[in-house]
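As they're listed, the protein sequences go chains V and G.
Residue numbers for the first sequence follow the working numbering, beginning at 5 and rising by one.
Residue numbers for the second sequence follow the working numbering, beginning at 5 and rising by one.
Ideal Cβ placement from N, Cα and C applies to all residues, glycine included.
Structure first, commentary second.
2 protein chains.
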Amino acid sequence: MTNERALSEIEQLVLLALARLNDDAYGVTIRREIEVRGRRPVSIAGVYSCLERMEQRGLVESWLTEPTPERGGRAKKHFRLTAAGVESLVQARQRLDRMWAGLRIAPETVPATARRSRRP
Amino acid sequence: MTNERALSEIEQLVLLALARLNDDAYGVTIRREIEVRGRRPVSIAGVYSCLERMEQRGLVESWLTEPTPERGGRAKKHFRLTAAGVESLVQARQRLDRMWAGLRIAPETVPATARRSRRP
DNA sequence: CTCTATTTATTCTGTTTAGAAGAATAAATT
DNA sequence: AATTTATTCTTCTAAACAGAATAAATAGAG
């Protein structure tokens with residue numbers, strides 16, 4: 005059945021980029037989305053090898069599109085989420101939600117000075 | 005800018021386990037927390053090497069505690085978050101929040117098992 | 001019109017190291 | 001000595017990086 009292996013951080017970010025980019029998701033735009041919105045530097049080779057890996061696992065699927073009439077506008081390899089990809093993305097999110105649930109340090113309440121925990 | 009390296013998934017989970025376990029955080033309990041709450045199998049060697057790595061980066065700190073009067077209760081190496089650890093944890097969370105923001109696939113709307121914790 | 005330069009996009013090569021699996025070791029109690 | 005809890009060690013695979021190479025398109029000089 006579906007491989008239960010957890011997603012690495014980059015795998016999560018790539019899947020999330022796919023979810024946002026919709027029809028415009030290919031190597032370069034995926035990388036840009038992660039770097040701009042995620043503020044997370046990532047190598048282009050890392051993005052591609054990650055995509056290839058996830059395609060083999062059935063989390064994403066790809067197809068070639070026609071060249072576009074612009075400089076360097078060669079045919080692109082586009083990607084989209086599969087149902088399994090969406091599911092494992094949601095599971096990764098739920099896992100983190102469970103781990104965060106009830107913790108005193110919450111992202112919205114922490115400025116830069118996190119309160120030290122007291123002894124119970 | 006982002007001179008700090010991003011956290012891997014396991015690094016995040018270990019830091020979150022530390023945040024919850026407070027004074028009771030050491031190799032075995034950290035692993036258990038991740039496996040039970042995170043439902044994420046992780047090797048014990050992975051936990052320790054992750055901890056060592058993060059200690060060198062200043063994200064956690066450790067100290068040895070006294071043996072306890074129970075079978076196998078040898079001295080344990082306890083860990084706690086540093087301020088830098090809290091900060092990078094929060095940044096990792098905020099990064100994912102930004103990536104998730106506004107996506108139509110939301111954890112609470114997708115599969116049947118999604119249920120927010122009751123906590124007003 | 002042709003040939004080279006430039007741009008966008010992907011793939012390849014080599015390297016480092018995170019993390020898994022499992023054995024080995026350490027230190028406590030029974 | 002045997003058992004239990006805890007940590008460390010050894011070996012191995014593959015994820016991710018850096019950077020070069022390649023591919024395919026248009027632009028521009030002549």
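Cβ-heavy atom distance, residue i to the ligand HEM, below 7 Å
{"i": "Glu70(V)", "result": "This structure lacks the ligand HEM, and indeed carries no ligand of any kind."}
Residue i versus the options, residue with shortest Cα-Cα distance
{"i": "Glu65(V)", "options": "Tyr52(V), Met103(V) and Arg75(V)", "result": "Tyr52(V)"}
{"i": "Ala10(G)", "options": "Leu20(V), Arg43(V) and Thr33(V)", "result": "Arg43(V)"}
{"i": "Lys80(V)", "options": "Ile38(V), Val40(V), Ile34(V) and Leu17(V)", "result": "Ile34(V)"}
{"i": "Glu56(G)", "options": "Pro71(G), Arg84(G), Arg102(G) and Met103(G)", "result": "Arg84(G)"}
{"i": "Met103(G)", "options": "Arg36(V), Pro73(V) and Tyr30(V)", "result": "Arg36(V)"}
{"i": "Glu15(V)", "options": "Ile38(V), Thr69(V) and Leu68(V)", "result": "Ile38(V)"}
{"i": "Trp67(G)", "options": "Leu19(G), Asp28(G), Leu17(G) and Val18(G)", "result": "Asp28(G)"}
Enclosing alpha helix (DSSP H) for residue i [first to last residue]
{"i": "Val94(G)", "result": "Ala87 to Trp104"}
{"i": "Leu22(V)", "result": "Glu13 to Leu25"}
{"i": "Arg36(G)", "result": "Gly31 to Val40"}
Cross-strand partners of residue i (DSSP beta bridge)
{"i": "Val51(V)", "result": "In DSSP, Val51(V) forms no bridge with anything."}
{"i": "Leu68(V)", "result": "Lys81(V)"}
Residue-level contact to chain G via CB, residue i, 8 Å cutoff
{"i": "Ala23(V)", "result": "yes"}
{"i": "Ile109(V)", "result": "yes"}
{"i": "Arg84(V)", "result": "no"}
{"i": "Val64(V)", "result": "no"}
{"i": "Arg97(V)", "result": "yes"}
{"i": "Leu20(V)", "result": "yes"}
{"i": "Val51(V)", "result": "no"}
{"i": "Met5(V)", "result": "Confidence in Met5(V) is poor, its pLDDT being 34 and thus under 50, which makes the residue's placement unreliable; the coordinate value appears in the next sentence. Output row for Met5(V): interface = no."}
{"i": "Leu68(V)", "result": "no"}
Short CB-CB distance (under 8 Å) between residue i and chain V
{"i": "Leu125(G)", "result": "In this structure chain G extends from 5 to 124, so residue 125(G) is not present and cannot be described."}
{"i": "Val94(G)", "result": "yes"}
{"i": "Trp104(G)", "result": "yes"}
{"i": "Arg36(G)", "result": "no"}
{"i": "Arg61(G)", "result": "no"}
{"i": "Gly42(G)", "result": "yes"}
{"i": "Leu100(G)", "result": "yes"}
{"i": "Glu39(G)", "result": "no"}
{"i": "Lys32(G)", "result": "Here residue 32(G) turns out to be Val, not Lys, going by the sequence shown. No, because no Cβ of chain V sits closer than 8 Å to the Cβ of Val32(G)."}
{"i": "Leu55(G)", "result": "no"}
Given 8 Å, three or more beta-carbon pairs between the stretch 38-52 of chain V and the stretch 88-99 of chain V: no
Cβ contact (3+ pairs, closer than 8 Å) linking the stretch 53-62 of chain V and the stretch 77-96 of chain V: yes
Cβ pair count under 8 Å reaching 3, the stretch 9-29 of chain V against the stretch 103-110 of chain G: yes
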